[in-house]
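Peer 1: Okay, handing you the structure first.
Numbering (the numbering used here), first residue to last: 15 to 270.
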């Protein structure tokens with residue numbers, strides 16, 4: 015079962031305060047009402063605890079009820095409903111601008127209906143808090159996305175790269191393989207192969223040493239390339255052996 019909502023009423027007219035107290039007595043299971051008669055007493059209570067709702071008279075002996083509202087609406091930690099005996103529309107507008115949740119003109123009917131007014135105010139305050147939290151979550155998400163985009167954008171900046179092994183130093187001082195660094199800081203992926211120059215260096219026995227430059231460029235070495243060159247190397251050897259045997263046979267016939 016939920017605890018009763020704590021309501022703080024600030025009302026300097028005792029008859030009005032009694033009417034409000036009587037109306038809340040029928041809803042004691044949902045509301046706990048505390049009554050004070052001045053701003054100073056209200057400030058003393060607010061220094062010790064935070065109510066769920068404040069209902070304050072506009073005109074009080076020691077100031078205006080709206081003085082309890084913070085200078086910045088964003089820092090308001092509880093809702094405030096302003097009540098007054100004066101039905102001045104301009105006063106209502108000023109109270110709402112100051113951050114009041116609602117504005118109620120005093121009458122016997124509105125004072126008797128104060129529990130329902132408080133319930134409506136708490137419900138509206140709950141919607142405000144939910145929207146505020148959703149906005150905060152949205153801002154956090156935007157900040158995370160901006161941070162992610164910033165990491166990607168660092169690739170367009172100055173990157174410390176080793177002139178020998180071509181490793182890149184990250185922000186923490188560690189040296190990383192260039193493909194690993196780019197993969198971690200962008201959406202790029204890598205598939206490995208071997209260029210002709212490296213193939214000639216790494217596989218000298220399999221690389222075709224003769225032929226045109228176009229033939230050499232045609233071969234993009236991968237895991238299957240050495241097998242291809244092995245077969246080609248065998249065919250070349252077979253051709254060389256066949257040519258040698260032919261020459262040897264001609265030489266033998268000439269000698270005979």
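Quick reminder that beta carbons are idealized off the backbone N, C-alpha and C, glycines included.
(1) By Cβ distance below 7 Å, which residues in the same chain neighbour residue 139 in space, the five residues on each side in sequence not counted?
(2) Residues in its own chain within less than 7 Å of residue 31 by CB, not counting five upstream and five downstream?
(3) Could you check whether the region 173 to 183 touches the region 191 to 199, counting it as contact only if at least three pairs of C-beta atoms, one from each stretch, sit closer than 8 Å?
(4) Starting from residue 45, follow the beta strand (DSSP E) in both directions and report where the run begins and ends.
(5) Does the beta-carbon of residue 142 have 16 or more other beta-carbons within 10 angstroms, so that it is buried, or is it exposed?
(6) Closer than 8 Å is the cut-off here; do at least three beta carbon pairs connect the region 103 to 112 with the region 47 to 64?
(7) Report the rounded CA-to-CA distance for residue 34 versus residue 144, giving the unit in angstroms.
(8) Short of 7 Å in beta carbon distance, which residues of its chain neighbour residue 47, apart from the five on each side in sequence? Order them along the chain.
(9) Residues in the same chain with beta-carbon distance under 8 Å from residue 216, minus the five sequence neighbours each way, listed in chain order, please.
(10) Work out the CA separation of residue 154 and residue 173 for me, nearest whole Å.
(11) Of the choices 67, 104, 52, whose alpha-carbon is the least far from that of residue 74?
(12) From the DSSP output, in three-state form, read off residue 194 for me.
(13) Which term fits residue 29, buried or exposed, when burial requires 16 or more other beta carbons within 10 angstroms of its beta carbon?
(14) Based on DSSP bridge pairs, tell me the residues matched to residue 19.
(15) Grab me the residues of residue 98's own chain with a C-beta within less than 6 Å of its C-beta, minus the 5 sequence neighbours each way, in chain order.
(16) Check the DSSP bridge columns for residue 139 and list the partner residues they point to.
(17) Confirm, please, whether the CB-CB distance from residue 82 to residue 56 is below 8 Å.
(18) Should residue 135 and residue 59 be called a contact, given that it needs their Cβ atoms to be closer than 8 Å?
(19) Express the C-alpha separation of residue 45 and residue 156 in angstroms, rounding to a whole number.
(20) Would you mind sorting residue 96 into buried or exposed? The rule is 16 or more other CB atoms within 10 Å of its CB.
(21) DSSP state of residue 79, grouped into three classes?
(22) In three-state DSSP terms, what is residue 73?
(23) Quick check on residue 67: does DSSP put it in helix, strand or coil?
(24) Return the bridge partner residues of residue 117 from the DSSP annotation.
(25) Report the rounded CA-to-CA distance for residue 210 versus residue 159, giving the unit in angstroms.
(26) Can you give me the C-alpha to C-alpha distance between residue 54 and residue 161, rounded to a whole angstrom?
Peer 2: Let me lay it out:
(1) 93, 115
(2) 23, 25, 49
(3) yes
(4) 45 to 50
(5) exposed
(6) no
(7) 29 Å
(8) So the list reads 21, 23, 35, 38, once near-sequence residues are dropped.
(9) Non-local beta-carbon contacts of residue 216 in its own chain, meaning distances under 8 Å to residues more than five positions away in sequence, involve 208 in chain order.
(10) 29 Å
(11) 52
(12) helix
(13) exposed
(14) 45
(15) 72
(16) Answer is none; residue 139 lacks a bridge partner.
(17) yes
(18) no
(19) 40 Å
(20) buried
(21) Secondary structure at residue 79: helix, using DSSP grouped into helix, strand and coil.
(22) strand
(23) strand
(24) 96
(25) 41 Å
(26) Rounded to whole angstroms, the gap between the alpha carbons of residue 54 and residue 161 is 47 Å.
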